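Here the structure comes first, spelled out in structure tokens, and everything after it is commentary.
2 protein chains.
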Amino acid sequence: MRLGKATTYAVFAVLYIAQQKKSKPVQGHEIARNYGIPLEYLLKILQQLVKAQVLISERGRTGGFQMRKSASQTTVLDIVEAVEGPITGEISARREITGASRAKKIVEGLCRDSAGFTRSLLKKVTVQKLIG
Amino acid sequence: MRLGKATTYAVFAVLYIAQQKKSKPVQGHEIARNYGIPLEYLLKILQQLVKAQVLISERGRTGGFQMRKSASQTTVLDIVEAVEGPITGEISARREITGASRAKKIVEGLCRDSAGFTRSLLKKVTVQKLIG
DNA sequence: GGCGATTTACTCGGATAAGCATTGTCCGAGTCAGAAGGG
DNA sequence: CCCTTCTGACTCGGACAATGCTTATCCGAGTAAATCGCC
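Chains A and B, in that order, give the protein sequences. Quick note: the first sequence uses this note's numbering, first residue 1, plus one each step. Quick note: the second sequence uses this note's numbering, first residue 1001, plus one each step.
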């Protein structure tokens, strides 16, 4: 399991937002400055989190981002899948390889098991637990 | 767990080689023809498997590829790591993100656990089991 | 001074380039089988 | 007929492009606060 930059940014951005006491929205540039993340890129990632129902956004001068659900109801899996898409186990050249269907099914099963384990692992950890 | 094309080719190529009864080397073009894989690309992948001590190669007119160890001593993990490099759990922007060290360690732990599980999973399955 | 229209500064939002890994291709080095030729 | 030599075709091997995805950036749409003018 290797988390890409985008996903890593996403996790820590959500963490930062969840840690805010105030109910005011947190603005992108504040997160970017704190972690040294390129602002425009971060915004793009935050938008994906909004689409995936992890965050809510507000426009305008006092706008920003807020948690949609509470920190204890938001899991790391939610964040990761929002950015990378669903974690699914599959092999790439499924169509090219003809025959060897038995072996193919076994290998696909392995991938699925790995993906399933990873999903359950990430689902167990909430943002609340990350805060501590 | 998503296996790239190269890795998938590698698994089925090794499977094909292991299935050969004769002790003669199997030639690349035979595998490529059987599975519809681009020959030159397959050769490149097979070379990686040779470097990783999974296969042995022989040049010349009667050359080709053979298993280095027996099918029951060669695991899917050996093949996958030969092509993709070692399966390790890590986050990408480790340096960029400053602070939040507690959360960082937790997330890194998740990645390691996922990687460890996947490794053990792939290690359990030998090429012999794929043949059936 | 109070109220409202306007400006303005700031936000998010989606479309657009740059960098890098994966995938795919080409030509050269090496090696053995088999033909050619002489004994 | 048999052995040696040589040729040639076929192999793997490593260096060289094309493609696709991740990463990064830019400019436009939207919103509320602050400003300015009028009453």
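Glycine is no exception: its CB is placed at the ideal position from the N, C-alpha and C atoms. Computed from a predicted model, the values in this text were never measured in an experiment.
{"Item": "Per-residue burial, A/R119 [other beta carbons within 10 Å of its own, 16 or more giving buried]", "Value": "buried"}
{"Item": "Reduced DSSP category for B/V1054 - H, G, I as helix; E, B as strand; rest coil", "Value": "coil"}
{"Item": "Neighbourhood of A/R112 by C-beta, 7 Å cutoff - its chain only, sequence neighbours within 5 removed", "Value": "G89"}
{"Item": "Buried versus exposed, by CB contacts within 10 Å (16 or more), B/E1040", "Value": "exposed"}
{"Item": "Chain-order list of residues whose beta-carbon lies under 6 Å from that of B/Q1027 (same chain, five-residue window excluded)", "Value": "G1064"}
{"Item": "Cβ of B/T1075 within 8 Å of any chain A Cβ", "Value": "no"}
{"Item": "Status (buried if at least 16 other CB within 10 Å, exposed otherwise) for B/K1105", "Value": "exposed"}
{"Item": "Residue-level contact to chain B via CB, A/T118, 8 Å cutoff", "Value": "yes"}
{"Item": "Span of the alpha helix (DSSP H) around A/Q128", "Value": "127-131"}
{"Item": "Neighbour flag for B/T1062 against chain A, beta carbons, 8 Å", "Value": "no"}
{"Item": "Buried or exposed (CB count within 10 angstroms, at least 16 for buried), A/P25", "Value": "buried"}
{"Item": "A/L77 vs A/K123 beta-carbon contact at 8 Å", "Value": "yes"}
{"Item": "Limits of the alpha helix (DSSP H) - the one that B/G1028 falls within", "Value": "1028-1035"}
{"Item": "Residue burial classification, A/S101 (beta-carbon count within 10 angstroms, cutoff 16)", "Value": "exposed"}
{"Item": "Exposure of B/T1062, with buried meaning 16 or more beta-carbon neighbours within 10 Å", "Value": "exposed"}
{"Item": "Under 9 Å (Cβ pairs) to chain A, residues found in the region 1085-1104 of chain B", "Value": "I1087, T1088, G1089, E1090, I1091, S1092, A1093, R1094, E1096, I1097, T1098, G1099, A1100, R1102, A1103, K1104"}
{"Item": "Span separating the alpha-carbon of B/E1030 from that of B/V1127", "Value": "19 Å"}
{"Item": "B/A1099 versus B/R1002 - alpha carbon distance", "Value": "The residue you asked about is not Ala; residue 1099 of chain B is Gly in the sequence shown. Spanning the two alpha carbons is a distance of roughly 31 Å."}
{"Item": "Contacts of B/Y1035 in chain A (Cβ-Cβ under 9 Å)", "Value": "A93, E96, I97, T98, G99, A100"}
{"Item": "Rounded straight-line distance, which links the Cα of A/V125 to that of A/T75", "Value": "6 Å"}
{"Item": "Whole-Å CB distance - B/A1010 paired with B/I1079, under 8 Å assumed", "Value": "5 Å"}
{"Item": "Closer than 7 Å: B/G1132 CB and nearest the ligand HEM heavy atom", "Value": "Absence of the ligand HEM from the depicted structure is noted, as is the absence of any ligand whatsoever, leaving it without description."}
{"Item": "Three-state class that DSSP yields for A/G116 in the structure shown", "Value": "helix"}
{"Item": "Any chain B beta carbon closer than 8 Å to A/F12", "Value": "yes"}
{"Item": "C-alpha gap between A/I37 and B/L1043, whole angstroms", "Value": "41 Å"}
{"Item": "Any C-beta of chain A under 8 Å from that of B/T1126", "Value": "no"}
{"Item": "CB contact below 8 Å: B/A1115 versus chain A", "Value": "yes"}
{"Item": "Close beta carbons around A/L133, own chain, < 7 Å, minus the five adjacent residues each side", "Value": "The question about residue 133 of chain A has no answer, for chain A in this structure spans 1 to 132."}
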